[in-house]
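Reading the sequence shown from the start, the letters are residues 53 to 165 in my numbering.
Cβ coordinates follow ideal geometry from the N, Cα and C atoms, glycine included.
Okay, so here's the structure we're looking at.
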Amino acid sequence: MRDSGKRWTVHDRDGNPIYLTQERWNHIVDEDNHPEMLVYEDHLQLTLKNGRRRQEPLNPRKYRYIHPFDNLPDDVNYIVVIVLFGYDIDEAGRTIPNNYVATAFFKYIWITE
Numbered sequence: 053m054r055d056s057g058k059r060w061t062v063h064d065r066d067g068n069p070i071y072l073t074q075e076r077w078n079h080i081v082d083e084d085n086h087p088e089m090l091v092y093e094d095h096l097q098l099t100l101k102n103g104r105r106r107q108e109p110l111n112p113r114k115y116r117y118i119h120p121f122d123n124l125p126d127d128v129n130y131i132v133v134i135v136l137f138g139y140d141i142d143e144a145g146r147t148i149p150n151n152y153v154a155t156a157f158f159k160y161i162w163i164t165e
């Protein structure tokens, strides 16, 4: 995959590289999707770097990252980021990670103590 459409790449807690493309960012902040995320791109990155990760049971390539924040709008307390994991082959024939953000959104998660 060419780097031309990438906005940025970060590494999660396990060292996996994850990138966000301009196309996916446009999708996330589109007025029909999650426009409230527009000013929270840094929170999205922190969610990937520091958040908890869970594999989706029906799609083993799909991971849900969640991380709490106390400065989100309204009554939400978490950012959720959906990442699809995959691989590409580089010019030398080596397998390289191709893990990208599919979408991101706010969510209220009730915490039991």
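Quick one: grab the DSSP three-state call for residue i.
i           : result
residue 60  : strand
residue 135 : strand
residue 161 : coil
residue 87  : helix
residue 98  : helix
residue 153 : strand
Let me know if residue i comes out buried or exposed under the rule of 16 or more other beta-carbons within 10 Å of its beta-carbon.
i           : result
residue 53  : Low confidence applies to residue 53: its pLDDT is 45, below 50, so where it sits in the model is not reliable, and the reading given next is rough at best. By the neighbour-count rule (16 or more Cβ atoms within 10 Å), residue 53 is not buried but exposed.
residue 147 : exposed
residue 100 : buried
residue 161 : exposed
residue 156 : buried
residue 95  : buried
Based on the DSSP secondary-structure assignment, which residues constitute the bridge partners of residue i?
i           : result
residue 107 : 115
residue 140 : 148
residue 92  : Bridge partners of residue 92: none, in fact.
residue 70  : 62
residue 125 : Answer is none; residue 125 lacks a bridge partner.
If I measure Cβ to Cβ from residue i and keep anything under 7 Å in the same chain, skipping five residues before and after, which residues do I get?
i          : result
residue 87 : 81
residue 59 : 72, 73, 74 and 77
Between residue i and the rest of its own chain, which residues show a CB-CB distance below 8 Å, the 5 nearest in sequence each way excluded?
i           : result
residue 113 : 136, 137 and 138
residue 68  : 137, 149 and 151
residue 141 : 147 and 148
residue 127 : 160
Got a sec? Which residues, its chain only, sit under 6 Å from residue i by beta carbon, not counting five neighbours each side?
i           : result
residue 118 : 103, 104, 130 and 132
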